[in-house]
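Protein sequence lines correspond, in order, to chains V and D.
The opening position of the first sequence corresponds to residue 399 in the working numbering, with each subsequent residue numbered one higher.
The opening position of the second sequence corresponds to residue 399 in the working numbering, with each subsequent residue numbered one higher.
Glycine residues also receive a C-beta, built at the ideal position from the N, C-alpha and C atoms.
Protein chains: 2
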Amino acid sequence: MSQRPEVNRRFVLAERPNGPPDENTLRLEETGVPRPGDAQMLLRTEYLSLDPYMRGRMNDAKSYATPVAIGEVMTGQVVAEVVESNLDGFAPGDHVLAASGWQDYAVSDGTGVMPLGTAPENPSWALGILGMPGYTAYAGLLKIGRPKPGETVVVAAASGPVGATVGQIARLKGCRVVGVAGGAEKCAHVTGTLGFDACIDHRAEDFAARLAAACPDGIDVYFENVGGKVLYAVLPLLNPFSRMPVCGVVSWYNLAGLPEGPDHGPAIMGTILRMKVKVEGFIIFDSFPQSVYEEFRADMTGWIAEGRVQYKEHVVEGLEAAPAAFNDLLAGRNFGKMVVKVA
Amino acid sequence: MSQRPEVNRRFVLAERPNGPPDENTLRLEETGVPRPGDAQMLLRTEYLSLDPYMRGRMNDAKSYATPVAIGEVMTGQVVAEVVESNLDGFAPGDHVLAASGWQDYAVSDGTGVMPLGTAPENPSWALGILGMPGYTAYAGLLKIGRPKPGETVVVAAASGPVGATVGQIARLKGCRVVGVAGGAEKCAHVTGTLGFDACIDHRAEDFAARLAAACPDGIDVYFENVGGKVLYAVLPLLNPFSRMPVCGVVSWYNLAGLPEGPDHGPAIMGTILRMKVKVEGFIIFDSFPQSVYEEFRADMTGWIAEGRVQYKEHVVEGLEAAPAAFNDLLAGRNFGKMVVKVA
């Protein structure tokens with residue numbers, strides 16, 4: 399950068415949403431660009447990751463982590479370029495993974511920042527297949543789901559970054575893999591490009607019957623990332639001693655309270671009991687030792703290099719487009735990993 | 399027996415209940431007493447165990463095990479005396495644990511029969527604290543719940559054979575133990591005789607608030623045996639990385655379909671996710687290796703001998719009283735392990 403930038407645009411949490419986020423939830427502000435002090439650097443956001451967990455951070459409730467405070471910059475992982483640096487080990491032109499949120503610029507002291515080198519091939523992949531969503535899929539499936547060859551694995555949001563990765567890894571492990579996605583185009587991608595054995599459109603009226611037909615031997619691993627009607631269609635199909643890693647319930651994130659009945663509590667708990675199901679919630683950065691992350695990096699970079707894992711992004715242009723893109727994500731209107739190209 | 403008995407009374411499943419069992423569910427029949435053939439013996443029932451799982455066997459649905467067929471003798475564990483024997487290793491006067499069901503007499507070839515000796519001190523305890531309910535409590539708590547000293551353990555039906563045993567073992571392991579039971583008399587027994595730190599009456603209008611007040615540090619292990627409102631009051635109190643062994647959901651066993659809303663599915667799954675809860679259903683004779691049973695027998699007989707574990711039975715007189723007693727059990731009107739004294 400030959401000339402120092404002057405304006406930082408940022409989205410702050412203006413008020414907590416009651417249901418889906420709306421035009422009052424986030425506020426776009428313009429401020430000056432901060433100057434890095436000693437042992438600090440200035441980062442310019444290149445890509446902002448949009449992920450379902452962010453909806454939980456908008457609530458003032460115990461969730462994954464501390465909620466975003468009112469007036470605070472909305473949280474989020476980014477790939478950024480180092481613009482100025484007074485910090486050893488980081489120089490202008492370096493690319494990094496950082497948690498600097500929904501804004502153009504941020505000052506960092508390097509805490510939690512991961513270097514990506516000076517010319518990463520696909521920098522935004524650090525937000526997806528090689529980052530949190532990919533690691534979530536890998537660890538949840540292999541360490542909690544523990545699929546065995548020949549077993550049936552079901553995953554929803556199958557064209558999204560977690561679901562797509564879960565299914566492809568399960569295929570590599572010799573499982574029958576059935577995805578669930580919204581619409582014919584996504585389902586064609588899931589079976590065609592990603593190589594799942596089947597993909598069921600959750601918009602179909604006879605969705606539950608189609609899912610059952612695609613799982614003639616029942617379900618051994620249900621990787622839970624959506625909740626709602628997919629979960630309820632899965633329950634009667636679960637086999638004895640099946641496993642259910644729970645990394646998300648995105649279809650329920652916008653609920654302002656418990657929905658209308660009937661109460662599916664007895665179906666959930668009764669199935670867990672009768673089928674001796676193991677259900678385990680996990681948050682990727684809390685639930686596994688560092689050694690699992692190292693395994694993930696080694697396996698995933700190998701699989702990508704060998705062309706055994708495919709990855710699709712849904713890129714939205716411009717920071718100002720982030721709020722609408724986030725609502726699209728919660729509603730399943732994305733097709734692939736949602737990232738915002740900021741700079 | 400100096401004179402050979404002539405009449406065998408037995409309860410057969412007459413029709414499948416839709417909701418609570420009623421007077422049409424079971425039919426009392428009188429038949430001749432069967433004669434044991436070669437390598438068989440005749441057993442006379444002394445005590446019949448009544449347990450919540452029996453409600454599931456009345457349904458024509460996949461459950462713990464094969465349903466009882468219409469016209470078949472209702473299934474159940476008994477303590478019996480050997481009356482005649484053509485079977486090596488068993489002699490008249492021996493007492494045994496057998497699965498001969500709701501009837502006075504049965505012929506057995508010894509399959510699944512466990513000898514109890516000629517003069518067991520408390521023969522009916524083989525149906526409770528030293529049998530299936532005690533083993534359920536022991537294995538579910540220690541192998542799935544994995545309580546650590548200082549943690550808070552909550553269990554419902556706390557004066558019943560499973561709940562009482564769970565709580566007493568958790569106390570022996572150094573936990574804070576909070577029981578849930580129906581009525582002041584049971585609660586007094588749970589804290590007084592069984593030594594729980596607290597017991598909350600689930601009939602109290604402010605039950606959820608009382609439970610929360612009794613768990614100031616949250617809940618680390620919830621041993622699930624009832625479902626319903628106890629579960630729903632527990633959910634907001636669960637700590638990160640808490641464990642929930644699921645051995646029953648007795649408050650829901652009489653449901654003919656899903657109950658009215660609201661739908662607690664999002665609360666169940668959302669809590670599992672946010673709190674990284676591990677939930678595992680288990681059936682005692684499917685889920686653990688034999689070595690766990692040996693551990694249980696050794697530990698439990700030791701604790702009983704040392705007076706460190708108390709046990710209470712609710713004894714009903716006469717086989718004919720079994721159907722009403724079973725409904726009392728499902729409604730929580732028992733006080734202690736429900737057994738029918740048959741002979």
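Inter-residue spacing [alpha-carbon to alpha-carbon] between residue i and residue j
i	j	result
V/Ala611	V/Ser640	18 angstroms
D/Val576	D/Lys676	20 angstroms
D/Leu485	D/Ala568	42 angstroms
D/Glu678	V/Gly565	24 angstroms
D/Gly734	D/Asp492	27 angstroms
D/His662	D/Val405	51 angstroms
V/Arg433	V/Val690	37 angstroms
V/Leu656	D/Val632	16 angstroms
D/Pro490	D/Glu479	7 angstroms
V/Asp436	V/Ser506	11 angstroms
V/Pro721	V/Glu421	8 angstroms
V/Glu519	V/Val511	18 angstroms
V/Leu728	V/Lys627	15 angstroms
D/Ile666	D/Leu636	11 angstroms
D/Pro513	V/Gly700	59 angstroms
D/Ala582	D/Ile598	9 angstroms
D/Pro418	D/Leu629	21 angstroms
D/Ala535	D/Ala703	18 angstroms
V/Gly705	V/Thr589	16 angstroms
D/Met452	D/Ala497	12 angstroms
Cβ-Cβ separation, residue j to residue i (assumed contact under 8 angstroms), whole Å
i	j	result
V/Tyr445	V/Ser522	4 angstroms
V/Pro547	V/Asp618	The pair is not a contact, with the Cβ atoms about 11 angstroms apart (cut-off 8 angstroms).
V/Glu658	D/Gly659	5 angstroms
V/Leu495	V/Ala524	5 angstroms
V/Ala696	V/Val624	Not a contact, Cβ separation roughly 29 angstroms.
Beta-carbon spacing of residue i, residue j below 7 angstroms
i	j	result
V/Val644	D/Leu592	no
V/Gly668	D/Val714	no
D/Val471	D/Gly499	yes
D/Arg365	D/Ala741	Since the displayed chain D opens at 399 and closes at 741, residue 365 of chain D lies outside it and no answer follows.
V/Glu428	V/Arg407	yes
V/Leu653	D/Pro664	yes
D/Lys674	V/Ile542	no
D/His712	D/Asn725	no
V/Ala723	V/Met736	yes
D/Phe621	D/Val707	no
Local Cβ density within 10 Å of residue i, reported as buried at 16 or more and exposed below that
i	result
V/Met399	Only weak support is given to the placement of V/Met399: the predicted model assigns it a pLDDT of 47, under 50, and the value that follows is read from those uncertain coordinates. Exposed is the call here.
V/Pro687	exposed
D/Gln475	buried
D/Gln501	buried
V/Gly580	buried
V/Phe409	buried
V/Phe488	buried
V/Gly730	buried
D/Asp458	exposed
V/Ile527	buried
V/Phe694	buried
D/Glu692	exposed
V/Ala586	exposed
Close-in-space but distant-in-sequence residues of the same chain around residue i (CB under 8 angstroms, 5 per side omitted)
i	result
D/Ala467	Leu411
D/Tyr503	Pro403, Asn406, Val431, Pro432, Leu440, Leu441, Arg442, Thr443, Val481
V/Ala602	Arg608
V/Gly529	Ser447, Gln475, Leu495, Trp523
D/His600	Ala554, Val578, Ala579, Gly580, Lys627, Val628
D/Gly515	Asp492, His493
Residues near residue i by beta carbon distance below 6 angstroms, same chain, minus five either side
i	result
V/Thr550	Arg574, Cys613, Asp615, Ile617, Asp618
V/Pro531	Pro559, Val560
D/Ala537	Phe686, Val690
V/Thr473	Arg455, Val466, Gly499
7 angstroms CB neighbourhood of residue i in its chain, flanking five on each side removed
i	result
V/Pro415	Thr423, Met456
D/Trp650	Gly625, Gly626
V/Gly572	Pro547, Gly548
D/Gln438	Asn484, Leu485, Val505, Ser506, Asp507
D/Pro638	Met673, Lys674
D/Tyr533	Ile682, Tyr691, Phe694
Item checked: Contact set between the segment 527-549 of chain V and chain B, restricted to residues whose Cβ is under 8 angstroms from the partner -> The structure shown contains no chain B; its protein chains are V and D.
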